[in-house]
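Asks: Okay, handing you the structure first.
Protein chains in written order, with full-length UniProt numbering: chain A, 1 to 337; chain B, 1 to 92.
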C-alpha cells in the first residue's frame, strides 16, 4: 500500500532512496508518498502541484506494480483539486515505463523528456482552433504585470510585420496582477488592432511546469535546461498549430533570467524554423519602459509617472476600485516579474 | 442521471483503468489507452453502453486505460458515475 510520508523519519528514508538513485531530494513538493515492505521503504514519489517528481523504486521491486501504485496515489491526491493534467520529466531510458501509464511525450531534449498525462495539450489547442489563420504569423509571450506602453509598442510593431499576431499571456498566477486582470488589460490595450488574437499559455509556455525558474530562483544549469525545453515545446507543438514563424521579444535591460531566455531563444528556435526578432524597448524619460517601473510608480502612488508608462486602458483600471486594492498589495510585492 | 460533480475511480495498475468525470454542457468521451490503436472502438462501445444505461447525456468522461477487460471498464465507470451523479448514497 502506498502511504503519505509525513514524519521526519519517513522523509529521511525517502531522501536516502532518492539520493541512492542519483537524484537530489527537492523539498518543494506538495505531497510525498512511499511504499514500505517489511519496514523497509522500497519506493517513493512526490508531486509538486501538477508535476510528478523523485519517483524512485528499489531495484529489487522494479517491473511489478509499484510504479502504477505510486502514480495512482499521486493522481488520486488531486481528485478534489482543479488539476487535470500531470507532467513528468524523465530520461529517455525511463520514458517507456511512463508511456505504459498513458503519459505522452511532449518534447525531448538530449536525454531529457517531458511527458504529460491527460490530453491537456491537445484540448488546449482544440479550444483555440478557431483562432487558426493561414499566412505568415508571429507570436509574443508576455506576462504583462501589468500591460504597459512598452508591451503596446512591441505588439503594435510586431503586428505590422506579420499577417496575424498571437499574444500569449502567461497563465501562471504568480504575479501582482492576477491572470484575469492581466488578460483583460491586454485585450483592452490591443482592442484596436485587427490582426491580433489574445490567448493564454496554459501549462505550455513560461509555466510552473516548463519554466519554474522564471518564478523562483534556481541554479543556472537547471534554468538553462528549462528555458530550452520551454522553447522547444513552443517551437514543436504550439507554433506549427498556429502557423507561427516569428517570435518577437523586447530587449531586456533589467532581469537576468529574462535576458538569458532571450539569448537562448534564437539558438533553440532557429533550427526549428522560427525566427527570433528582438525589438529595442520603448523609452520614457530616456529609460526603458518596464512593468517593474510601473509597479514601482504604483507603489509610490505616482500617477503622473504612471500616465507616461501605461496606456489609458491600464491607467483607468489602476484608478478603479479593483485597481486600488492592488495598490495595497503592491506595497509588499517583492517578486521580479 | 446527471453528472453534477467532479469524480474519479480506478487505478493505473496494469489491466485496470482510471475514469475521470466532470460536469459539462455536452457529452464527451475521451479515451487514452496503452492499447488504443487496437481497442479504442471496443472501449468506447463498452463505455457508451454504460452511459446509456445510466441515461447520461452530458459531461466529460475521460478514460485512461491500461488494457482492462470489459467488465473492469463497466465497473470502474459505474463507480465513477455513482460518485459524480446527484442523490446517490454511494457518492463520496
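C-beta atoms are modelled at their ideal positions from N, C-alpha and C, and glycine is treated no differently.
#1: List the residues of chain B that residue 109/A touches, going by C-beta distances under 8 Å, in chain order.
#2: Do the stretch 1-13 of chain B and the stretch 74-83 of chain B make contact, defined as three or more Cβ pairs closer than 8 Å?
#3: Give, in chain order, every unbroken run of the alpha helix (DSSP H) that is at least 4 residues long and sits entirely within the stretch 240-275 of chain A.
#4: Tell whether a beta-carbon distance below 9 Å holds between residue 348/A and residue 95/A.
#5: Give the C-beta separation of residue 68/B and residue 16/B to the nearest angstrom, bearing in mind that I take them to be a contact with Cβ-Cβ under 8 Å.
#6: Going straight from the alpha carbon of residue 232/A to that of residue 1/B, what length do you get?
#7: Would you call the CB atoms of residue 330/A and residue 298/A closer than 9 Å?
#8: Return yes when the Cβ of residue 246/A is within less than 9 Å of the Cβ of residue 162/A, no when it is not.
#9: Within a Cβ cutoff of 7 Å, which residues of the same chain sit near residue 45/A, ignoring the five residues on either side of it in sequence?
#10: Output needed for residue 333/A: all residues of its chain with C-beta closer than 8 Å, excluding positions within five of it in sequence on either side, in chain order.
#11: CA-CA distance, residue 200/A and residue 6/A?
#12: For residue 12/B, which residues in chain A fall below 7 Å Cβ to Cβ?
#13: Which first and last residues belong to the beta strand (DSSP E) in which residue 109/A is found?
#14: Kindly identify the DSSP beta-bridge partner or partners of residue 164/A.
#15: Please work out which residues of its chain come closer than 7 Å, Cβ to Cβ, to residue 323/A, disregarding the five sequence neighbours upstream and downstream, and give them in chain order.
#16: Within this structure, are the beta carbons of residue 164/A and residue 195/A separated by less than 9 Å?
#17: For residue 249/A, which residues in the same chain have their Cβ closer than 6 Å to its Cβ, ignoring the five residues on either side in sequence?
#18: In this structure, does DSSP put residue 334/A in helix, strand or coil?
#19: Which stretch, first to last residue, makes up the alpha helix (DSSP H) that contains residue 78/B?
#20: Quick one: is residue 33/B near chain C, going by C-beta distance under 9 Å?
#21: Determine the closest residue to residue 119/A out of 139/A, 203/A, 148/A and 242/A, with distance taken between C-alpha atoms.
#22: For residue 307/A, which residues of its own chain have a beta-carbon under 8 Å away from its beta-carbon, when the five flanking residues on both sides are left out?
Replies: On the basis of the supplied data:
#1: Those do not exist, as residue 109/A stays about 24 Å from chain B at its closest Cβ, beyond 8 Å.
#2: yes
#3: 256-269
#4: Residue 348/A is absent from the model: chain A starts at 1 and stops at 337.
#5: 6 Å
#6: 44 Å
#7: yes
#8: yes
#9: 33, 52, 54, 55, 70 and 74
#10: 176, 295 and 299
#11: 36 Å
#12: 68, 71, 72, 75 and 101
#13: 103-109
#14: 137/A
#15: 317
#16: yes
#17: 262 and 278
#18: coil
#19: 70-84
#20: Chain labels in this structure do not include chain C; the protein chains are A and B.
#21: 203/A
#22: 315
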